Each structure stands twice: as structure tokens, then as C-alpha cells.
Amino acid sequence: MHRKLRIKIFEKASLCRHFETNAYKFSEKKLIKIPIYLSAGQEFISASLATIINDFCKVKPLIFAQHRCHSTYLSFGGEMDNLIAELLGNYKLSNTGCMGGSASIYSKKINMFGHDGHMGTQVPIGIGACFTSKKPTIIFMGDAAAEEDYVLGALGWAATKKLPILFIVEDNNLSILTEKKVRRNWDMHDVARSFKMKGYNLKDSPNEIEKYKKFFFKEPMLLNINTNRMFWHAGAGKDSDKIFDRYLIEKKILGKEAEKIDKKFNSMIKKKWEKHLKKQ
Amino acid sequence: MGKTLKETIKEIIRKHLKNKKGKVFGQCLTAVGWVGGTLPELYEKDGMIELSMADVAGGGIVTGSALMNEKPIYVIRYQGFNWYNAPMIVNYAAKSKEIWNTPCPVFVRGIGMEGGIGPVAGSSHHSLYYRMPGLKIVSPMTPKEYKKIYNSFMKDDEVYYVSEHRGSFNNKIELKDDIKGKKDFVIIAISITRFEAIKAKEILEKKGLRIGIINILWIKPLKISKASIRCITNSKFGAIILDDDYVDGISNSIANKLTHMTNKKIFTLGLSDKSAGFHKKVDNLPPNSDQIVKKIISLTKN
Ligand SMILES: Cc1ncc(C[n+]2csc(CCOP(=O)(O)OP(=O)(O)O)c2C)c(N)n1
Ligand SMILES: [Mg+2]
Numbered sequence: 001m002h003r004k005l006r007i008k009i010f011e012k013a014s015l016c017r018h019f020e021t022n023a024y025k026f027s028e029k030k031l032i033k034i035p036i037y038l039s040a041g042q043e044f045i046s047a048s049l050a051t052i053i054n055d056f057c058k059v060k061p062l063i064f065a066q067h068r069c070h071s072t073y074l075s076f077g078g079e080m081d082n083l084i085a086e087l088l089g090n091y092k093l094s095n096t097g098c099m100g101g102s103a104s105i106y107s108k109k110i111n112m113f114g115h116d117g118h119m120g121t122q123v124p125i126g127i128g129a130c131f132t133s134k135k136p137t138i139i140f141m142g143d144a145a146a147e148e149d150y151v152l153g154a155l156g157w158a159a160t161k162k163l164p165i166l167f168i169v170e171d172n173n174l175s176i177l178t179e180k181k182v183r184r185n186w187d188m189h190d191v192a193r194s195f196k197m198k199g200y201n202l203k204d205s206p207n208e209i210e211k212y213k214k215f216f217f218k219e220p221m222l223l224n225i226n227t228n229r230m231f232w233h234a235g236a237g238k239d240s241d242k243i244f245d246r247y248l249i250e251k252k253i254l255g256k257e258a259e260k261i262d263k264k265f266n267s268m269i270k271k272k273w274e275k276h277l278k279k280q
Numbered sequence: 001m002g003k004t005l006k007e008t009i010k011e012i013i014r015k016h017l018k019n020k021k022g023k024v025f026g027q028c029l030t031a032v033g034w035v036g037g038t039l040p041e042l043y044e045k046d047g048m049i050e051l052s053m054a055d056v057a058g059g060g061i062v063t064g065s066a067l068m069n070e071k072p073i074y075v076i077r078y079q080g081f082n083w084y085n086a087p088m089i090v091n092y093a094a095k096s097k098e099i100w101n102t103p104c105p106v107f108v109r110g111i112g113m114e115g116g117i118g119p120v121a122g123s124s125h126h127s128l129y130y131r132m133p134g135l136k137i138v139s140p141m142t143p144k145e146y147k148k149i150y151n152s153f154m155k156d157d158e159v160y161y162v163s164e165h166r167g168s169f170n171n172k173i174e175l176k177d178d179i180k181g182k183k184d185f186v187i188i189a190i191s192i193t194r195f196e197a198i199k200a201k202e203i204l205e206k207k208g209l210r211i212g213i214i215n216i217l218w219i220k221p222l223k224i225s226k227a228s229i230r231c232i233t234n235s236k237f238g239a240i241i242l243d244d245d246y247v248d249g250i251s252n253s254i255a256n257k258l259t260h261m262t263n264k265k266i267f268t269l270g271l272s273d274k275s276a277g278f279h280k281k282v283d284n285l286p287p288n289s290d291q292i293v294k295k296i297i298s299l300t301k302n
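Respectively, the protein sequence lines represent chains A and B.
Position 23 of the first sequence, counting from 1, maps to 23 under the working numbering, and the rest follow consecutively.
Position 109 of the second sequence, counting from 1, maps to 109 under the working numbering, and the rest follow consecutively.
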């Protein structure tokens, strides 16, 4: 992968990471009073896809995400101020008048549609939106949401209609705290293939994700991307300290330049949150 | 002679597809019967979209289509299927405007029918939608009413649940209220019960009772004229609401509202609180004129 692209992806990931670590901190301090679903640990999926889709595909897709959606929103260019406002309960500045909370982020500006909190509904809904508008569409789902009967039925229909949709399974191996092996003996990329669409199983490394860019939005394709959730399912807390962290690996590979980016976002985002908190 | 209701619906849909470039979604639409003759013989290239049998997903796909502001029509061939079709309509389409300021208007054609079709598919299930915010419920039984409802939907940006009934598809007649003069008792009728209500009124008037009739087209929000309310208030014994759904839903809710508004006793009569069987003896049908007459006579005895 081109280093310049990798740095660009790291920048987005860094923005997401520092956003989420601040959200974590303020949730722990009870300054955020609503349940929050943090995407730290998983940010390279959205950061890579947003960068590649913008630079390579040069399209502005319709975006349908699930509840753990902060990184998707930020990576695709959603306003951070509106998201902070949503989480802190500043309903004037929040995009949803604080109706949506952490799980239902939406933004007209970036074509991101809100999620209703019922896991997986974004899949049939995103498919319907793509079918009608014919616009390139990206639909995110968790590894558990992918098991919903209506997700599977909808995938089959999208495959039949050959819609230009990129389905992304953010596979953190967990449904709240239940591991995948307890829930099922099958894999989503196999399911996609049996529906006669392209389906692949890969790691959340930008390098790997980039390999599939030539197929994006040409026809339906599903990428099952293995990743790790840093924090609890909801709220601020850790399930384990022994989590593989893509962010640290990428930072190490990219060296000084990445460290500089990391520092820059660390202080910039901290200031942003503090500015909002002062207004509270 | 004018058009039947089914011809009217067919014409509305043809224009929706051809002139407005809209879409109609549903299962097994382009097949023998064309949904009781209510669909024009058009196909996917014209916007008549066949969904797979994944009912729950189907409701979501239509919701997504509505998000793109295409005002899709969603055909649910038997209202009982709504238990599978409704989830994303009520939880997403009906909430989208409120939460994300993004209207998501779907025209849901829920078609009621009963008589020998067993325990799950038949009758009307509009009460299922009634308790949820963000949507409108109507039950047109005449050509003019249907046109009015479709035009209202096209100007609106909300979800409409249109509770149809196959028993009305051959109807050509507009059904009128009778609220003139003092009434002994008033029948407030919803959906297919509106036809039996007319028969019951004739029988009861022969027996010397003065019977008023109020047709309910708009169930949610409930539209009932001030004159109708006055008619109930001034009646001798109150009113009864007839429905083609279980009474523990729309009928009892409206009865409660009207009791407060009129200070009169408002009764209800709908499906019995039991499952329908296939055999005549164990079926569960909407109240017929005999049952309505019997009930009203018992309520007006003293
Ligand atoms: C329809 C529905 N069923 C169950 C739930 C409860 N629930 C909330 S999150 C969740 C697990 C989701 O896991 P996954 O899709 O893998 O996303 P992740 O939280 O891992 O990002 C469950 C079961 C729900 N919100 N909606
Ligand atoms: Mg998961």
C-alpha cells in the first residue's frame, strides 16, 4: 500500500480514536449521561473505507451504519461538533435534537441515514434505498446483526437485483459478550457467496481492505472484516486489557509521522470536547 | 355506471407507476388475479417490484425506498401478514421524520378478508399499527374515499396504513352518514362492517328504532364531525362501534374517547376473542347484520 494513503487512513483513524477515548473519559465521569457505543479498536475499517472510497472510487455513497457508528460518521466527514453535542445532550446543536443518542447518528451532509436501534434493520432499509436511488451504497453491520433473519433475506434480494452495495460486517466476534462460536457454525463470507455475491473474510488492516477496492460498488459484495472492540458493549469500561490494537500496530509501522499525527489529534480533540463541556 | 373500488385502485396504481414513475412493492403481485384485480398488468420495468418471501426484510426494503422520497406503495395481500411486514414500517418509516427530520412516506395497502381462511391470515389487523406514533390509519370502502386518501398521501409526508377489505372491491356506491334528527342509537362503523351496518339499520328501523350511522374513514387521527358527535350526545341510548378487528384495540380506544366527548355509553362489537378456524362452525367473522341487530336490541331494551 502506498505510504501516503496509509498515512491518510491513519489520520482518520487517529481522529476517531481520540474522539472515542474522550467520549470514554466523559462517560466514565458521568458527564455523558446516555448509553454510548464506542467504536475504538474498530476505527480502521471506516477510516480505510472512507479514504479509499473518496480517493479511488470518487463517489459519495449512501451510508447505513449500526449502533456502534461514531467512527463511520467521523471517517466519512460528519461534523464532530454535532456528535459531541448529541452525546452531551445539547439538543440545539445535535443533528437529531438529541432523539437519536449515540446509536442513531445521522447526517444529511454525508448521506448517512440514522439507525433505529433494532440491530440489522439498516441492511434491508439500505438495500431499499439503493434499489430505488441506484446510488452506490455502503451498509455496515455487526457480526451478530448479520444473523438476523431479515438481514439474510435482504442480502439474498440485493444479490438477485445485483445492486451496487458494499456490505461490511464489522466482526468483533461478539454479540454483547457472547462469542460467535457459541452462536453459529457458519461464516458470513460463505453466506454471501452462496447468495452468488462476492464474499471475503479479512483483517481490519488498511492494506488488506485496499485489495478489494476494484470491486467496490460494481456489484454487491460482502467483506467480513475481523476486528476488536476496545471497550465494553455500552458505556465506559474494558472487557480485557489483552486486546489486539490495530491503532498501535499502524502507529508503529508508520513511525514518527504517525506519532506526530497522534499528538496533534490528541490535543485538538481534547480541546474540542473541553470547549463543549464549558458550555454545559 | 361508475367504477368499482377495485377498478379505481387499479387506475390509481397505473397512474402512480406510469405518470408519477413510482413503485409498487409486494409478493406475488404479477400473478393470476393481480391482487383481486386491483393491480394493472405491469411488471418490474414499469415499477411493479416483486419482493422475495422474506416478509420482514420486505418491509425494510420498502422503508428504504421511501427514504429516497419515492412514495412507494406496499401491498400486503392479507392483513395477518402484517405481524411480519410491519416491524420496520412502524419502527423506522414512522419514526424517521421525528428523529432525523427525514420523511419516509409509505402507502401500505393492507388487505383484509375472512371466511374459511383459518387462524392467522384473515380479518383486519389495523389495531396492530394503532398504538404506534408517526403514522396515519384509514379504511376506505368506496371509490371516492380511496381517491381522496391517495391524493392526501401524495401531498403528505407521512406513513399511511390503508386498511382495505376484499369484500368492498366490487362496491361502486358511496356510503353516507345518517345523523339527521334525534336518534335512539348510533352505529359507528369501520371497514367492511359498514355494509352490514346499513342492513342492520333497515331492520331496526322497521322495528321502530331510529338509527344513526357514522362511517369512519380516518381512524388515526380520528376524524369525526362535530355534527356526528352531537348526534351521539343527543341520542337516547348511545352508540356502538363496529370493527373487523378484535375490539381490544381501535374500537375500545375510540369508544373510550367518544365516551368522554359525548357523556354517552359507547359499546363495541368486532371479532370474538378467539382464533378463527377453517370450518364455518369455528370461524371468526366480523359482526353481520343479525348480530348487530341483536346486540342493539339488547342495549336499547330499557
Ligand atoms: C432486533 C434487536 N435484537 C436484539 C437487540 C439487543 N442487542 C443490542 S446490541 C446487540 C449485539 C450486537 O452485536 P453486533 O451486531 O455484533 O454489533 P457490536 O455490538 O458487536 O458492534 C444485541 C443483541 C437489538 N438491539 N435489536
Ligand atoms: Mg459484534
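Quick reminder that beta carbons are idealized off the backbone N, C-alpha and C, glycines included.
Just so it is clear, the structure is predicted and the values come from calculations on it, not from any experiment.
Quiz item: Identify the residues that DSSP records as bridge partners of Asp171(A): which are they?
Solution: Asn226(A)
Quiz item: Is the distance from the Cβ of Gln27(B) to the Cβ of Met53(B) below 8 angstroms?
Solution: yes
Practice problem: Classify Asn266(A) as helix, strand or coil using the three-state DSSP reduction. | Solution: helix
Self-check item: Three-state secondary structure (DSSP) of Asn82(A)
Solution: helix
Quiz item: Whose CB is closer than 6 angstroms to a heavy atom of ligand 2? List the residues in chain order.
Solution: Gly142(A), Asp143(A), Ala144(A), Asn172(A), Leu174(A), Ser175(A)
Exercise. Tell me whether Tyr150(B) sits in a helix, a strand or coil according to DSSP, three-state version.
Key: helix
Practice problem: Using a Cβ cut-off of 8 angstroms (strictly closer), state whether Tyr91(A) contacts chain B. | Solution: no
Quiz prompt | Rounded C-alpha distance that separates Pro143(B) from Asn171(B) | solution = 8 angstroms
Quiz item: When Cβ atoms are compared, which residues of the stretch 45-61 of chain B fall closer than 9 angstroms to chain A?
Solution: Ile49, Leu51, Ser52, Met53, Ala54, Asp55, Val56, Ala57, Gly58, Gly59, Gly60, Ile61
Quiz item: Between the stretch 102-134 of chain A and chain B, which residues of the former have CB atoms less than 7 angstroms from a CB of the latter, in chain order?
Solution: Ser104, Tyr106, Phe113, Gly114, Asp116, His118, Thr121, Pro124, Ile125, Gly126, Ile127, Gly128, Ala129, Phe131, Thr132, Ser133
Quiz prompt | Residues of the stretch 137-158 of chain A whose Cβ lies closer than 7 angstroms to any Cβ of chain B, in chain order | solution = Asp149, Tyr150, Gly153, Ala154, Gly156, Trp157
Quiz item: Cβ of Glu170(A) versus every heavy atom of ligand 1: is any distance shorter than 7 angstroms?
Solution: yes
Quiz item: For Gly37(B), which residues from the same chain have a beta carbon less than 8 angstroms from its beta carbon, with the 5 sequence-adjacent residues on both sides left out?
Solution: Lys6, Glu7, Lys10, Phe169
Exercise. Write down the C-beta distance between Phe185(B) and Lys236(B) rounded to the nearest angstrom, noting that I regard them as a contact closer than 8 angstroms.
Key: 7 angstroms
Practice problem: Apply the 10 Å Cβ neighbour rule to Asp204(A) and answer buried if 16 or more other Cβ atoms are within range, or exposed otherwise. | Solution: buried
Quiz item: Which value, in whole angstroms, describes the spacing of the CA atoms of Val56(B) and Ile179(B)?
Solution: 43 angstroms
Quiz item: In terms of residues, what are the limits of the beta strand (DSSP E) holding Lys226(B)?
Solution: From DSSP, Lys226(B) is part of no beta strand (DSSP E) but of the alpha helix (DSSP H) over 226-233.
Quiz prompt | Boundaries (first-last residue) of the beta strand (DSSP E) holding Ala276(B) | solution = First-last for Ala276(B): undefined, no H or E at that position.
Quiz item: Going by the CB atoms, is the gap between Leu62(A) and Ser175(A) shorter than 8 angstroms?
Solution: no
Self-check item: Assumed close pair Ile125(A), Met88(B) - CB separation to whole angstroms, cut-off 8 angstroms
Solution: 6 angstroms
Self-check item: Backbone secondary structure at Glu179(A) - three-state DSSP
Solution: strand
Quiz item: Identify the residues that DSSP records as bridge partners of Thr102(B): which are they?
Solution: Thr102(B) is not bridged to any residue.
Self-check item: Check: His115(A) C-beta below 7 angstroms from any heavy atom of ligand 1
Solution: no
Practice problem: Return the CA-CA distance between Phe215(A) and Ser96(B), expressed in angstroms with no decimal places. | Solution: 32 angstroms
Quiz item: Among all the DSSP beta bridges, which residues are the ones paired with Trp273(A)?
Solution: Looking at the DSSP assignment, Trp273(A) forms no beta bridge with any residue, so it has no partner.
Quiz item: Cβ of Glu98(B) less than 8 angstroms from any chain A Cβ?
Solution: yes
Self-check item: Contacts that Leu70(B) makes with chain A (C-beta to C-beta distance below 7 angstroms)
Solution: The sequence shown places Glu at residue 70(B), not Leu. Within 7 angstroms Cβ-Cβ: Thr132.
Quiz prompt | Exposure label - Ile253(A); buried when at least 16 CB within 10 Å | solution = exposed
Exercise. Would you mind telling me which residues of chain A sit closer than 8 angstroms to Lys23(B), beta carbon to beta carbon, in chain order?
Key: Thr132
Quiz item: When we look at the beta-carbon of Arg230(B) and count the other beta-carbons within 10 Å, is it buried (16 or more) or exposed?
Solution: exposed
Quiz item: How many angstroms separate the CA atom of Tyr246(B) from the CA atom of Asn234(B)?
Solution: 28 angstroms
Quiz item: Taking the C-alpha atoms as reference points, what is the distance between Leu39(B) and Glu164(B)?
Solution: 14 angstroms
Self-check item: Three-state secondary structure (DSSP) of Met88(B)
Solution: helix
Self-check item: As assigned by DSSP and simplified to three states, the class of Val32(B)
Solution: coil
Quiz item: By DSSP, does Asp177(B) sit in helix, in strand, or in coil?
Solution: coil
Practice problem: Drop a sphere of 10 angstroms on the beta-carbon of Trp186(A), count the other beta-carbons inside from all chains shown, and report buried for 16 or more, exposed for fewer. | Solution: exposed
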